[in-house]
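The structure appears right after this line, and notes come after that.
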Amino acid sequence: MRLQFRQLLTSSPSEWLTMQIADDRLKTVLRNWRDSLIDLSGRNRLLNFRHTRSATLEIESPDATALLPGLAKGWRFADIEDAGTEDEAGDRPGLKAISPARVGEIHTQKATQATLDGALRKLFRDSHQVFSDTGLWVLQLGAGFLDWSEDGGTTFSSAPLLLVPVMLERGADGFRLLVAEDEDMTANPALAVKMEQLGVAWPAAEQFEDLAGAIAAVRHAVAGQRTWTVSERVVLATFQSHKEAMYRDLLDNESTIMASPLVHAIGLGPHASMDLSALDFDPVRLDELDVVQPPEETPLVLDADSSQRQCLAAALAGRTFVMDGPPGTGKSQTIANVIAALLHAGRTVLFVSEKAAALDVVRNRLEHVGLASFLMPLHSHNTSRKHVAQELGRALVERPRARGAGPARQRARSLRLELTEYAAAMNEVRRPLDRSLFEIIGRLSKLDDIVSLAPGSQFRPGSLTTAQLDTILGAAGEVSRAWRPVADRESFPWRDLETAEPPARTSIGWQKRPRSCAEPSSGTTSSPGRWGSTISRPSPRSSPCWTLPRPARRSLLAG
Numbered sequence: 005m006r007l008q009f010r011q012l013l014t015s016s017p018s019e020w021l022t023m024q025i026a027d028d029r030l031k032t033v034l035r036n037w038r039d040s041l042i043d044l045s046g047r048n049r050l051l052n053f054r055h056t057r058s059a060t061l062e063i064e065s066p067d068a069t070a071l072l073p074g075l076a077k078g079w080r081f082a083d084i085e086d087a088g089t090e091d092e093a094g095d096r097p098g099l100k101a102i103s104p105a106r107v108g109e110i111h112t113q114k115a116t117q118a119t120l121d122g123a124l125r126k127l128f129r130d131s132h133q134v135f136s137d138t139g140l141w142v143l144q145l146g147a148g149f150l151d152w153s154e155d156g157g158t159t160f161s162s163a164p165l166l167l168v169p170v171m172l173e174r175g176a177d178g179f180r181l182l183v184a185e186d187e188d189m190t191a192n193p194a195l196a197v198k199m200e201q202l203g204v205a206w207p208a209a210e211q212f213e214d215l216a217g218a219i220a221a222v223r224h225a226v227a228g229q230r231t232w233t234v235s236e237r238v239v240l241a242t243f244q245s246h247k248e249a250m251y252r253d254l255l256d257n258e259s260t261i262m263a264s265p266l267v268h269a270i271g272l273g274p275h276a277s278m279d280l281s282a283l284d285f286d287p288v289r290l291d292e293l294d295v296v297q298p299p300e301e302t303p304l305v306l307d308a309d310s311s312q313r314q315c316l317a318a319a320l321a322g323r324t325f326v327m328d329g330p331p332g333t334g335k336s337q338t339i340a341n342v343i344a345a346l347l348h349a350g351r352t353v354l355f356v357s358e359k360a361a362a363l364d365v366v367r368n369r370l371e372h373v374g375l376a377s378f379l380m381p382l383h384s385h386n387t388s389r390k391h392v393a394q395e396l397g398r399a400l401v402e403r404p405r406a407r408g409a410g411p412a413r414q415r416a417r418s419l420r421l422e423l424t425e426y427a428a429a430m431n432e433v434r435r436p437l438d439r440s441l442f443e444i445i446g447r448l449s450k451l452d453d454i455v456s457l458a459p460g461s462q463f464r465p466g467s468l469t470t471a472q473l474d475t476i477l478g479a480a481g482e483v484s485r486a487w488r489p490v491a492d493r494e495s496f497p498w499r500d501l502e503t504a505e506p507p508a509r510t511s512i513g514w515q516k517r518p519r520s521c522a523e524p525s526s527g528t529t530s531s532p533g534r535w536g537s538t539i540s541r542p543s544p545r546s547s548p549c550w551t552l553p554r555p556a557r558r559s560l561l562a563g
């Protein structure tokens with residue numbers, strides 16, 4: 005914001021108004037970005053939880069105070085012997101919680117063993133699929149619920165207070181429910197955003213360390229809402245809450261984000277009031293890459309072609325750019341090279357991807373070249389506070405050492421210079437032909453299947469000039485146009501065609517008719533009465549007159 009403040013001091017009133025309009029537009033863009041990340045309507049399960057037919061379970065017993073501490077050892081789902089009364093989803097409507105038959109068993113709302121097993125299988129499958137795609141663990145217990153209303157008590161929604169990551173372990177005797185040790189329990193982030201929107205003084209995150217504290221804090225916060233209630237209800241379902249953290253980040257750091265020229269460029273484009281000239285740059289030209297970025301001095305850990313090295317040069321220069329390419333063109337390999345080069349330059353790099361697979365590909369390549377000590381994964385099961393603390397401790401203790409490469413680097417430089425000189429010599433345009441050796445060899449390679457015509461004894465290749473070469477190429481073009489008559493021989497329909505005058509610059513012996521041809525003043529030279537014996541064309545007065553031989557005439561008239 006200090007940059008914008010200096011601009012205000014030196015701007016005219018009209019310029020200040022333009023900047024203010026641009027800032028208002030950017031605030032609108034940021035608000036739209038935030039709103040696209042989080043759904044604060046009744047469609048969001050974190051704000052309005054409702055059971056589905058086959059992918060949610062209500063934990064009827066044990067209660068929350070006994071269930072949560074026992075997750076470390078694990079809970080078995082009790083077998084259902086009698087179907088009893090059930091609705092279409094296999095639930096027991098209105099049935100109260102019952103005591104488990106054995107210690108360590110969970111009872112749910114499901115009334116048949118088939119519906120319970122189906123729900124557990126679907127929860128197991130869906131949670132692992134999301135984790136495989138995104139690296140996010142979404143199978144959680146919703147513990148403690150707030151029944152709240154936005155319209156004064158007409159319709160109520162139920163929202164969980166705490167999200168407890170759990171996992172389903174498949175065994176011979178069925179599924180067991182255990183705590184996901186690599187994940188942390190969190191407060192419902194969407195509920196906090198919604199309550200702030202409704203003007204409710206919501207408790208701080210520190211008050212959600214355990215279920216009892218969270219329930220007490222929320223009951224105190226909603227004490228003024230007479231129709232709202234808080235319960236110790238527990239459900240098992242999939243909850244996706246990762247985008248709320250991005251929403252909060254955009255909201256809390258709005259002023260910092262608005263001061264970024266890159267955000268102005270993305271959000272406003274040509275309507276941005278900030279000077280964006282620093283974002284413009286031209287990539288290093290391919291023929292200058294070895295000068296700007298000598299390969300033996302560039303910390304490449306993987307192979308790279310010229311276009312990938314252009315990206316690397318831009319990254320090392322601190323440029324902002326988009327690297328685009330179809331699958332299989334080396335984008336992941338280029339990213340790995342960029343990260344390694346920036347690490348070599350003493351920089352810290354944050355690599356972000358929507359898909360966990362893309363993160364794993366780059367990490368595996370960097371680990372393969374010995375850079376594992378410099379990497380800190382922050383996705384999948386690596387996001388817990390325990391794991392982060394362990395990784396930071398390892399980084400403080402471990403001292404990686406690099407191997408020296410002085411002689412190898414000097415040899416690489418020598419070989420590169422030799423190859424560069426060779427390429428320059430091959431592409432140098434030389435006189436007297438004004439062509440490069442590379443071009444000449446390329447032309448000769450196309451003549452492998454062509455009949456060779458040995459030149460006469462007077463031909464001197466060493467004294468061949470550009471003009472002489474053009475003459476030879478012109479004559480070859482003339483011959484090429486007559487190649488079909490030579491190849492077809494007697495079957496060529498226009499064989500024995502005669503001309504009154506030979507064309508200019510030709511070595512073909514045309515046969516000249518003894519009689520003169522009429523010279524037209526305009527249009528064509530043929531007349532209706534002589535169409536079958538004479539064919540003429542629009543041409544200058546000096547153009548030759550063409551006639552057909554009798555066999556060709558008969559063939560043409562017969563056709």
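Positions 5 to 563 (the working numbering) are the ones given, in order, by the sequence shown. We treat Cβ as the ideally placed atom computed from N, Cα and C, and that holds for glycine. Computed from a predicted model, the values in this text were never measured in an experiment.
Query: Taking 8 Å as the threshold, find out whether the stretch 339-348 comes into contact with the stretch 363-370 through three or more Cβ pairs.; Result: yes
Query: Give the C-beta separation of Phe243 and Gln144 to the nearest angstrom, bearing in mind that I take them to be a contact with Cβ-Cβ under 8 Å.; Result: 5 Å
Query: Can you give me the C-alpha to C-alpha distance between Gly334 and Ala308, rounded to a whole angstrom?; Result: 8 Å
Query: Does Ala340 come out as helix, strand or coil in the three-state DSSP assignment?; Result: helix
Query: Classify Glu248: buried if its beta carbon has 16 or more other beta carbons within 10 angstroms, exposed otherwise.; Result: buried
Query: In chain order, what residues of the same chain have a beta carbon less than 7 Å from the beta carbon of Leu304, not counting five sequence neighbours either side?; Result: Asn341
Query: Apart from the five residues on each side of it in sequence, which residues of its chain come closer than 7 Å, Cβ to Cβ, to Phe53?; Result: Gly146, Ser162, Ala163, Pro164, Val239
Query: How do the stretch 268-279 and the stretch 24-34 stand: do at least 3 beta-carbon pairs fall below 8 Å, yes or no?; Result: yes
Query: Terminal residues of the continuous alpha helix (DSSP H) containing Phe442?; Result: 441-449
Query: The alpha helix (DSSP H) spanning Met262 covers which residue range?; Result: 258-262
Query: Which same chain residues, not among the five before or five after Pro489, have their C-beta less than 8 Å away from its C-beta?; Result: Phe496, Trp498, Arg499
Query: How long is the line joining the alpha carbons of Val288 and Pro298, rounded to whole angstroms?; Result: 12 Å
Query: Quick one: Cα of Met189 to Cα of Glu210, how far?; Result: 12 Å
Query: Which one of Gly139, Leu181, Pro330, Ala82 has the shortest CA to CA distance from Thr119?; Result: Ala82
Query: Look at His132 and Ser65 and say whether their C-beta atoms are less than 8 Å apart.; Result: no
Query: From the DSSP output, in three-state form, read off Gly178 for me.; Result: strand
Query: Using only CA atoms, which one of Leu473, Leu34, Glu494, Gly481 lies nearest to Asp253?; Result: Leu34
Query: At the level of alpha carbons, what is the spacing between Glu85 and Lys114?; Result: 12 Å
Query: The beta strand (DSSP E) that contains Ala147, what's its start and end?; Result: 143-152
Query: Helix, strand or coil: which one does DSSP assign to Thr424?; Result: helix
Query: Since I believe Phe149 is in contact with Arg80 (beta carbons under 8 Å), could you give me their beta-carbon distance rounded to a whole number of angstroms?; Result: That pair is no contact at about 25 Å.
Query: I need the DSSP call for Ser1, collapsed to helix, strand or coil.; Result: Because the chain in this structure spans residues 5 to 563, residue 1 falls outside the shown range and cannot be described.
Query: Near Ala59, which residues of its chain fall below 8 Å by C-beta distance, leaving aside the five closest residues on each side in sequence?; Result: Ala123, Lys126, Leu127, Asp130, Ala241, Thr242
Query: Run through DSSP, which three-state label would Glu77 get?; Result: In the sequence as displayed, the identity of residue 77 is Lys instead of Glu. It is coil, neither helix nor strand.
Query: If we count the other Cβ atoms within 10 Å of its Cβ and call it buried at 16 or more, is Ile63 buried or exposed?; Result: buried
Query: Short of 8 Å in beta carbon distance, which residues of its chain neighbour Ala427, apart from the five on each side in sequence? Order them along the chain.; Result: none
Query: Specify, as a first and last residue, the run of the beta strand (DSSP E) that Val204 falls within.; Result: Run containing Val204: none; DSSP gives neither H nor E here.
Query: If you follow the beta strand (DSSP E) that Leu379 is in, where does it begin and where does it stop?; Result: It is not in any beta strand (DSSP E) - Leu379 carries neither H nor E in the DSSP assignment.
Query: If the criterion is Cβ atoms closer than 8 Å, does the pair Val183 and Leu71 meet it?; Result: no
Query: I think Pro436 touches Thr475, with their Cβ atoms under 8 Å apart; what is that distance to the nearest whole Å?; Result: Pro436 to Thr475, Cβ: 14 Å. No contact.
Query: Start and end of the beta strand (DSSP E) containing Leu266?; Result: Counting along the chain, Leu266 falls outside any beta strand (DSSP E), though it belongs to the alpha helix (DSSP H) covering 265-272.
Query: Have a look at Arg1 and Glu300 and give me their C-alpha separation to the nearest angstrom.; Result: This structure gives no information on residue 1, because the portion of the chain shown stretches from 5 to 563.
Query: Any idea what DSSP makes of Val356, helix, strand or coil?; Result: coil
Query: For a test of the three-state rule: what should DSSP assign to Met171, helix, strand or coil?; Result: strand
Query: Out of curiosity, what's the CA-to-CA distance linking Gly139 and Phe378?; Result: 21 Å
Query: From Ala321, Gly273, Arg57, pick the residue whose C-alpha is nearest to that of Val296; which is it?; Result: Ala321
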